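Accompanying notes for the structure given below.
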Amino acid sequence: MPAPPWSSWEKWLQSPPGRYVLAWEQKCFDQIVADVFGFYAVQIGLPQINTLAENRMPLQALLIDSNDRQKHANGFAWHQIEGNANELPFACETIDLLVLPHVLEFATDPHQILREAERVLRPEGRLIISGFNPASLWGMRQYLSRLIGSPYLPRDGQFISLLRIKDWLQLLNFSLDRGHFGCYKLPLSGESGMARMDFMEPAGNRWWPIFGAVFLVSAIKRQQGMRLIGQVQGLRIPVMTQLTPAAESRQNLANHQDPVN
């Protein structure tokens with residue numbers, strides 16, 4: 001297979017398959033964030049799309065890395081914060097909605113990012129993650145093309161299975177809310193080839209839904225139960241004196257009364 005004409009993640013997003021993925025994810029994000037309520041919503045990275053466009057929270061922010069292009073971030077009306085996803089610049093339990101579009105697969109320590117997400121989210125806050133599905137035709141091509149030195153996606157990206165992400169979320173006390181698979185077209189590079197594969201999208205949703213090239217999952221942070229701190233002192237319950245039944249008490253009282261003359 002010939003090497004694609006892109007070598008970085010940003011260039012890939014400008015390619016025909018990249019625009020195809022961004023368009024599908026924009027529709028999914030618009031649907032899933034519309035019914036999430038609160039005050040503070042944050043998107044981390046990927047300024048090429050606005051995942052919070054249909055969300056109605058009063059404060060929306062974009063956390064951008066030094067590698068993100070500023071020109072993409074300027075296209076949306078939100079607060080911009082420069083920081084690192086491994087150390088989010090937010091106080092504990094202050095964010096109501098946190099979106100990670102393709103953040104974990106390009107991170108050196110994705111589990112640390114999830115721990116930070118758990119720290120900053122409020123109880124019952126929502127976490128939304130998107131990523132590439134290794135159990136797909138795109139994942140198979142990426143694996144095979146790495147062997148010959150021409151990966152379909154940027155080489156620095158790592159496919160993370162949805163099952164592994166579910167395990168990580170459950171360890172951090174998240175419960176899965178909903179999920180979507182999509183992008184069933186063949187992993188082609190040209191614009192005309194991608195356009196001829198439009199019929200595969202509805203067919204994939206019906207016949208092989210879990211083999212979509214991209215997945216999107218939503219999880220809710222649950223409040224942990226109360227725990228007792230320290231040693232519990234033993235309480236000695238005092239022994240109660242034996243009580244006399246009411247019927248027996250009235251009978252004894254009648255026997256001791258003086259007879260009436």
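Using full-length UniProt numbering, the letters of the sequence shown map in sequence onto residues 1 to 261.
Even for Gly, the Cβ is constructed at its ideal location relative to N, Cα and C.
Since this is a predicted model, take the numbers as computed values, not measurements.
If distances are taken between C-alpha atoms only, which option among the options comes closest to residue i?
i, options, result
"Ala203", "Leu216, Ile220 and Lys185", "Lys185"
"Tyr152", "Ile160, Ser161 and Met140", "Met140"
"Arg56", "Trp78, Gln48 and Trp208", "Trp78"
"Pro58", "Ile64, Asn50, Phe76 and Phe39", "Phe39"
"Asp198", "Lys11, Val21 and Trp12", "Val21"
"Lys221", "Arg206, Glu118, Gln60 and Gly131", "Glu118"
"Pro101", "Gln142, Ser150, Tyr143 and Ala23", "Ala23"
"Ser161", "Pro110, Trp207, Leu127 and Arg196", "Pro110"
Spatial neighbours of residue i within its chain, please: CB distance less than 7 angstroms, with the 5 preceding and 5 following residues excluded, ordered by chain position.
i, result
"Ala103", "Note that residue 103 is Val in the sequence shown, not Ala. Excluding positions up to five away in sequence, the list reads Ile44, Gly45, Ala85 and Ile113."
Quick test of your reading: residue i and residue j, contact by CB under 8 angstroms. State the CB separation rounded to the nearest angstrom.
i, j, result
"Val99", "Leu169", "Val99 to Leu169, Cβ: 15 angstroms. No contact."
"Glu93", "Pro123", "7 angstroms"
"Gly125", "Leu171", "Going by Cβ atoms, the distance from Gly125 to Leu171 rounds to 17 angstroms, so no, they are not a contact pair."
"Ile129", "Val42", "Actually they are not in contact, since the Cβ atoms of Ile129 and Val42 sit about 13 angstroms apart, beyond 8 angstroms."
"Leu62", "Gln80", "5 angstroms"
Pull up the distance between the alpha-carbon of residue i and that of residue j, whole angstroms please.
i, j, result
"Pro134", "Ile210", "11 angstroms"
"Lys166", "Glu116", "16 angstroms"
"Leu228", "Leu188", "Because the pLDDT at Leu228 is just 46, under 50, the model does not fix this residue reliably, and the value given afterwards should be weighed accordingly. Cα to Cα, the separation comes out at about 58 angstroms."
"Glu10", "Phe159", "17 angstroms"
"residue 262", "Leu121", "Residue 262 falls outside the range modelled here, since the chain spans only 1 to 261, and no answer is possible."
"Leu147", "Ala91", "44 angstroms"
"Asn205", "Leu176", "20 angstroms"
"Arg155", "Thr108", "13 angstroms"
"Ser136", "Ile64", "29 angstroms"
Taking 8 angstroms as the limit between beta carbons, can you name the residues of its chain near residue i, skipping five residues before and five after?
i, result
"Lys27", "none"
"Glu54", "Phe29, Asp30, Gln31, Val33 and Ala34"
Going along the chain, which residues of its own chain have a beta-carbon closer than 6 angstroms to the beta-carbon of residue i, five neighbours each way excluded?
i, result
"Phe29", "Thr51"
"Gln223", "Pro123"
Please determine if the segment 80–93 and the segment 29–39 are in contact, where contact requires at least 3 C-beta pairs separated by less than 8 angstroms.
no
Does the contact criterion of 3 or more C-beta pairs under 8 angstroms hold for the segment 7–17 versus the segment 188–198?
yes
Quick check: the segment 206–217 against the segment 174–182, are at least 3 beta-carbon pairs closer than 8 angstroms?
yes
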